[in-house]
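Line by line, the protein sequences give chains A and B. Sequence positions in the first sequence follow my numbering and run 28 to 141. Sequence positions in the second sequence follow my numbering and run 51 to 164. Yeah, the Cβ is synthetic: ideal placement off N, Cα and C, and Gly gets one too. On a predicted model such as this, the values are computed, not experimentally measured, just so you know. Okay, so here's the structure we're looking at.
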Amino acid sequence: AQKVTQAQTEISVVEKEDVTLDCVYETRDTTYYLFWYKQPPSGELVFLIRRNSFDEQNEISGRYSWNFQKSTSSFNFTITASQVVDSAVYFCALSGFNNNDMRFGAGTRLTVKP
Amino acid sequence: DVKVTQSSRYLVKRTGEKVFLECVQDMDHENMFWYRQDPGLGLRLIYFSYDVKMKEKGDIPEGYSVSREKKERFSLILESASTNQTSMYLCASSAGETGTDTQYFGPGTRLTVL
Numbered sequence: 028a029q030k031v032t033q034a035q036t037e038i039s040v041v042e043k044e045d046v047t048l049d050c051v052y053e054t055r056d057t058t059y060y061l062f063w064y065k066q067p068p069s070g071e072l073v074f075l076i077r078r079n080s081f082d083e084q085n086e087i088s089g090r091y092s093w094n095f096q097k098s099t100s101s102f103n104f105t106i107t108a109s110q111v112v113d114s115a116v117y118f119c120a121l122s123g124f125n126n127n128d129m130r131f132g133a134g135t136r137l138t139v140k141p
Numbered sequence: 051d052v053k054v055t056q057s058s059r060y061l062v063k064r065t066g067e068k069v070f071l072e073c074v075q076d077m078d079h080e081n082m083f084w085y086r087q088d089p090g091l092g093l094r095l096i097y098f099s100y101d102v103k104m105k106e107k108g109d110i111p112e113g114y115s116v117s118r119e120k121k122e123r124f125s126l127i128l129e130s131a132s133t134n135q136t137s138m139y140l141c142a143s144s145a146g147e148t149g150t151d152t153q154y155f156g157p158g159t160r161l162t163v164l
């Protein structure tokens, strides 16, 4: 069975601090995909990144970076120099081959204070 | 850009009422999904559809049904609403034939059953 654990329920930081959101997953599949979504107060989940299990290269997109490590089954998300607009709930998700395989973590609520 | 819209942002219904939640996507996606989101539980799949008139149960289908008469529209039906169905409902769509494709979400419907 597939499972995603986001151990941090809530994180609060002050603007300009760096923050890392942890994601640990479990799967028996050799091919799988990992995702991060952002849910701002408006409610809509916004897609941030999709990474397949064969690509362990870290990725950077502006202030966002992702660290994928198969050895520890983790796919952590770092925001550098956080801003108030980063305040949201962030979800990590894991999907296998089938359409009903997608599994979401419980989410981490990030609050960035001015 | 992918656009997924949901008919209502907020809905209040009474126990026993029949409730329809509508979702429309404009990207000609094959797959559509209904999730419910509850605090501490992340998103859980209720039903999904991979083609017109086709549907499959997700993890928590009890008390729900769905309808997909047209490719762009996927409806979630609560036959007899109960208070434990008070939740945030999110619709999503994706393009491909497998679960590895990115799902794009609508803004959500926050349903309260009194």
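Close Cβ partners of residue i (< 7 Å) along its chain, the five nearest in sequence each way excluded
i, result
"B/T136", "L161, T162, V163"
Reduced DSSP secondary structure (H/G/I, E/B, other) of residue i
i, result
"A/N103", "strand"
"B/S144", "strand"
"A/K97", "helix"
"B/Q75", "strand"
"B/D151", "coil"
"B/D88", "strand"
Sub-8 Å separation of residue i and residue j beta-carbons
i, j, result
"A/L137", "A/R130", "no"
"B/S132", "B/G113", "yes"
"A/Q29", "A/A133", "no"
"B/K68", "B/L128", "yes"
"A/N125", "B/T152", "no"
"A/L48", "B/F155", "no"
"A/T105", "A/T36", "no"
Neighbourhood of residue i by C-beta, 8 Å cutoff - its chain only, sequence neighbours within 5 removed
i, result
"B/L93", "Y85, R86, Q87, L140"
"B/F98", "N81, M82, F83, W84, K105, E106, G108"
"B/V102", "R118, E119, K120, K121"
"A/C84", "Residue 84 of chain A is actually Gln in this sequence, not Cys. Cβ neighbours of A/Q84 beyond the five flanking positions: F95."
Endpoints, beta strand (DSSP E) assigned at residue i
i, result
"B/S99", "92-101"
"A/V111", "Premise fails: A/V111 is in no beta strand (DSSP E) and is neither H nor E."
Distance cut-off 7 Å: residue i Cβ against heavy atoms of the ligand COA
i, result
"A/A34", "Absence of the ligand COA is noted for the structure shown, with no ligands found whatsoever."
Evaluate the contact criterion for the region 76-94 of chain A versus the region 70-84 of chain B: three or more CB pairs, one atom per stretch, below 8 Å.
The region 76-94 of chain A is not in contact with the region 70-84 of chain B.
Is the region 53-67 of chain A touching the region 79-96 of chain A, taking contact as three or more C-beta pairs under 8 Å?
With the cut-off at 8 Å, the region 53-67 of chain A and the region 79-96 of chain A touch.
Is it a yes or a no for the region 104-112 of chain A touching the region 38-52 of chain A, going by three-plus beta-carbon pairs under 8 Å?
Counting Cβ pairs under 8 Å, three or more are found: they touch.
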